[in-house]
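All residue numbers in the sequence shown are consecutive under my numbering, ending with 716.
For reference, the structure discussed in these notes is given below.
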Amino acid sequence: MHCFLTGFMGSGKTTIGRILARRLERPFLDLDSEIELRAGLKVREIFAEGGESLFRMLEHDTLSDVAIKPDAVIATGGGTVTVERNVEILARTGVILWLDPPFAVIARRIGGQGKVDRPLFEDERQALELYQARLPAYHRADLRLSVQEQEMPEEVAARAELLLRKGLV
Ligand code: S3P
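Put into C-alpha cells, the structure is as follows:
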C-alpha cells in the first residue's frame, strides 16, 4: 500500500511527504516532479504548451506508472483527486491522506513566489472558489489531518504517521 498525500496547493504535501517517508522508511515520490522529469518541462511550461488537458493526461499516465512501483509515500498534485480515473488508482493501490490546513494558511503560503509555479492559482479569490469546488473530492480521502498554522512540518508528519498507523491496523 502506498501512502498518497492529497490536499490543495500549498497544503504541505511535498514537505510533509518527505519527512513522513523518512519516518516510515519508505521512498518518497512527488508526482509533479515525476511529471516534469518525464516531460522534460516544468509544470508551468506544460500548461503553457497544452493547457490543463495536456497536464491532466501526463498526470494520469505518470500516476499509473508510479502506482506500480514499490510502496512509497507519494505527494500528489492538488488536482489529482478531482479526476475519477486517478481516484480509482489511488484507492486501489494505497491509502489517501488529506492534509487540511485552513484556506487562509494556504493563501498566505502561496502568495508571491508560489504562484509563479502554479498556473491554477491566479489570485486569492479564484483560488478560494477552486478550493471550495474541490472540497468534496478531498473529503473522499481515507484519512484527514487538520493542520494548524503554527505547526512545524515535523509535528504534522508525526501526527500523519500516527493517523496512518491507526488507519492501517
Ligand atoms: C495543481 C496543483 C499543482 C500541480 C498543478 C495543478 C492543481 O500541484 O499539480 O499546478 O490542479 O491544484 P501542488 O498541489 O503540489 O501545488
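Using N, Cα and C, we set each Cβ at its ideal position, and we do this for glycine too.
Keep in mind it's a predicted model, so treat the numbers as computed, not measured.
Cut-off 7 Å between Cβ atoms - residues of its own chain near residue 607, not counting five sequence neighbours on either side: 630, 632, 633
Tell me, please, whether the stretch 657–677 touches the stretch 551–567 by the rule of three or more beta-carbon pairs shorter than 8 Å. yes
Looking only at its chain, what residues have a beta carbon closer than 6 Å to the beta carbon of residue 620, apart from the 5 residues adjacent to it on each side? 550, 564, 567, 568, 573, 575
Please report how far the alpha carbon of residue 689 lies from the alpha carbon of residue 639, in whole angstroms. 12 Å
Give the list of continuous beta strand (DSSP E) stretches no shorter than 3 residues that lie fully inside the stretch 612–679. 620–622, 641–647
Could you tell me which of 654, 684, 713, 643 sits nearest to residue 675, measuring between CA atoms? 654
Hey, quick one: how far does the alpha helix (DSSP H) through residue 577 stretch, first residue to last? Element bounds for residue 577: not the alpha helix (DSSP H) but the beta strand (DSSP E), 575–577.
What are the partner residues of residue 712, as DSSP defines its beta bridges? Residue 712 is not bridged to any residue.
First and last residue of the alpha helix (DSSP H) that includes residue 588? Unbroken run through residue 588: none, as it is neither H nor E.
Can you list, in chain order, the residues of its chain with a C-beta nearer than 7 Å to that of residue 618? Leave out the 5 residues immediately preceding and following it. 548, 549, 573
In three-state DSSP terms, what is residue 681? helix
Proximal residues to residue 577 (C-beta, below 6 Å), its chain only, five neighbours per side dropped: 561, 622
Please list the terminal residues of the continuous alpha helix (DSSP H) segment that includes residue 569. 560–571
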